[in-house]
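Taking it in order: structure first as structure tokens, then the write-up.
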Ligand code: N2P
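Shown next as structure tokens:
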């Protein structure tokens, strides 16, 4: 279930004070307005629906301070949850962050996105043209979206526990998870796979040496068999948000999830100082690469605020704050010099050329194949 919050937890108490003071000032101004005039209007609201742990809280605070626009902020932790919410229509959101494929592609095809108002988003010019070209295959002319953050999917692990329980298992390969003899030994210290057919199946197909986008029944059967073979050893198949928590607390020693989530979990574990060491690995068989897009639903209640927000977020200093906090790379090169050195130089945040060359972007399966995948996933989750 998506966690619903008014705003992500502020990182410092001072921020919370600001959140309280700003509406107070607005109320006070309304009360002091000369009698006889129309009552002051409620401040405009921007409704954002983003991935969990995918922004720096101070960015929202500063947006409200500068524009007077209040932000209502909800989160999801899988593309399936986002799609379910959006396909019902009238989501009430002004800004969403779908992955370029398949979700953003499908929403464009369904006419569910409003083209960006380029005149109101001059900071689109800050985006790396080479990265923006990569998402053009689903959005010619980049009309409907701007890259927010991107990243790979791979394995988060506690290397010390893994070495202890499965000394001969390779740490840099998807074999670590997908070979039953490894999963069986690691089950004792806890394994989780995130609940997302969209983000897990292509990696399994790739590991099997098959086309990650395959719609062939034989390929999907092979993927299902491989998943079923490790199913008894999985502690849970929760949303990616729960996986981040389980990694950070040391509750699991192996998890398949998104790169920045693992790096955030590692940072949290270090801060807790309880000796939990977490590492991220983009498997050598090839990691799935995802571009998450800032986009505006066609029926957004406040599209002007949406465009203003996208422009604000694309400022180099905002993107740097977001990457520093989330440990996901962005697509604004001018933010690079503003990054914390340990973030900028972390090869798991900004993958080196050879990892990128070996990575793949999943496509958008046609509806019939999508149905097969969804059913396969339900059987996997149920374990039968
Ligand atoms: C945020 C996960 C977003 C990555 N917690 C999805 N590509």
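Numbering (this note's numbering), first residue to last: 204 to 587. Virtual Cβ for every residue (Gly too), placed ideally from N, Cα, C. Computed from a predicted model, the values in this text were never measured in an experiment.
The beta carbon of residue 562 sits no closer than 7 Å to any heavy atom of ligand 1. Cβ contact annotation for residue 559 (same chain, cutoff 8 Å, sequence separation greater than five): 492, in chain order.
Judged by their CB atoms, residue 444 and residue 280 are nearer to each other than the 8 Å cut-off.
When the Cα atoms are used, residue 432 and residue 383 turn out to be separated by approximately 6 Å. A contact is defined here as three or more CB-CB pairs under 8 Å, and the region 524-532 fails this definition with respect to the region 507-515. Between the alpha carbons of residue 401 and residue 301 lies a distance of about 12 Å. In this structure, the straight-line span from the alpha carbon of residue 472 to that of residue 450 is close to 8 Å. Those residues that bring their Cβ nearer than 6 Å to a heavy atom of ligand 1 are 254, 255, 256, 257, 302, 354, 443, 461, 464, 493, 495. In the DSSP assignment, residue 495 forms a beta bridge with 302, 352. Fewer than three pairs of CB atoms, one per stretch, sit closer than 8 Å, so the region 362-370 makes no contact with the region 322-339. According to the DSSP assignment, residue 250 belongs to no alpha helix (DSSP H) but to the beta strand (DSSP E) extending over 248-254. Considering only 480, 523, 454, 579, the residue with the shortest C-alpha distance to residue 362 is 480.
When the Cα atoms are used, residue 456 and residue 344 turn out to be separated by approximately 43 Å. Here the region 543-559 does not lie against the region 392-410, with fewer than 3 beta-carbon pairs under 8 Å apart.
Judged by their CB atoms, residue 554 and residue 538 are not nearer to each other than the 8 Å cut-off.
Setting aside the 5 residues that flank it on each side, residue 305 is surrounded in the same chain by 567, each with a C-beta closer than 6 Å to its C-beta; the list follows chain order.
The Cβ neighbour count for residue 581, taken over all protein chains shown within 10 Å, is under 16; the residue is labelled exposed.
The closest CA to that of residue 411, considering only 429, 346, 403, is found on 429. The alpha-carbon separation between residue 584 and residue 335 amounts to approximately 35 Å. Distance from the CA atom of residue 360 to the CA atom of residue 245, rounded to whole angstroms, is 48 Å. With fewer than 16 other beta carbons inside 10 angstroms of its own, residue 371 counts as exposed. By DSSP's assignment, residue 457 forms a beta bridge with 360, 394.
About 6 Å separates the Cβ atoms of residue 551 and residue 466, confirming a contact at the 8 Å cut-off. Residue range 308-312 is occupied by the alpha helix (DSSP H) that includes residue 308. For residue 514, the enclosing alpha helix (DSSP H) has its first and last residue at 506-516. Taking one beta carbon from each stretch, the region 256-271 and the region 309-319 have fewer than 3 pairs nearer than 8 Å; the two do not touch.
Straight-line spacing of the CA atoms in residue 503 and residue 255 works out to 21 Å.
Here residue 290 is exposed. Its C-beta has fewer than 16 other C-beta atoms within 10 Å. Within the model, the alpha-carbon separation for residue 448 versus residue 324 is close to 35 Å. Cβ-Cβ distances below 6 Å link residue 523 to 538, 541, 542 in the same chain, with the five nearest sequence neighbours on each side left out; the list follows chain order.
Taking C-beta separations shorter than 7 Å and ignoring five residues to either side along the sequence, the partners of residue 521 in its chain run 262, 515, following chain order. In the three-state reduction of the DSSP assignment, residue 296 falls in the coil class, being assigned neither a helical nor a strand state.
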